[in-house]
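Note sheet for the following structure.
This is the structure we're talking about:
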């Protein structure tokens, strides 16, 4: 009899042997069965419905080949919201939720609940922009991406989540400059993986390279943003970036070279790794 216990044990082993995260097996089952974890444990020794078992098996087979769970399901949870994802966008990561939380804290501290204009450069699925708009109505976000396919995904997510976000198609800062937008807050989670760095094939094979790699040293897109940021930012402004765990010192120095009077902070994620750079201008 194919019980939940037996099916999950076998699936975890298969994913482990394939070099994938075996925890994804339980997450897949919970989503397909529309169950909470505690309910699953109560049903552990009950038989799995044949239709559910077929869909679960199909998903495990795809993940054995390296396909991410988000692509198998067609969505990913981010900041409590369900975002559609596909091969055109980077799957939102848990550490990026911490960037959103710190932006919201910075808004509260420096803008005191007053209306603020924010721009999100390289929005991808729209996760950051939409989460900010949902969590803080005082922040109006305009988001951009060079990929028309990514913007289609982001617009659909904003529609599905009833989020007030405007979207522009264009390269880095240029669409905001062309529109004459001036921002209190500039946000970007740009591609920051150095071109030479080895990546898991589940990432390289299934996620858009344009959203992953940031030139030889991983800082190419930060340079481009810093060089044009003065054309977007208001006199008093905050910039917020996600970065690689080993890029804090170099990225801080780069930011200081463009904004010598700014206050620059490197923030750690919950695992204690340097993960975010905040730049405060006249704040």
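Residue numbers (UniProt numbering): 1 to 283.
Ideal Cβ positions, reconstructed from N, Cα and C, are used throughout, including at glycine.
- Across the structure, residue 79 and residue 97 are spaced so that their CA atoms are roughly 6 Å apart.
- Cβ-Cβ distances below 6 Å link residue 263 to 280 in the same chain, with the five nearest sequence neighbours on each side left out; the list follows chain order.
- If only uninterrupted alpha helix (DSSP H) runs of at least 4 residues are considered, those enclosed by the region 117-153 are 127-135.
- By the Cβ rule, the region 67-77 does not count as touching the region 38-51, because fewer than three pairs are nearer than 8 Å.
- In this chain, the alpha helix (DSSP H) harbouring residue 63 covers 50-64.
- For residue 244 against residue 218, the beta-carbon gap comes to about 6 Å, under 8 Å, which counts as contact.
- For residue 166, the uninterrupted beta strand (DSSP E) run begins and ends at 165-169, by DSSP.
- Looking from the CA of residue 2, the closest CA among 130, 21, 271, 46 belongs to 46.
- Cβ-Cβ distances below 8 Å link residue 186 to 118, 119, 121, 225, 229, 232, 233, 237, 238, 239, 240 in the same chain, with the five nearest sequence neighbours on each side left out; the list follows chain order.
- For residue 228, the enclosing alpha helix (DSSP H) starts and ends at 220-228.
- In this chain, the alpha helix (DSSP H) harbouring residue 108 covers 94-111.
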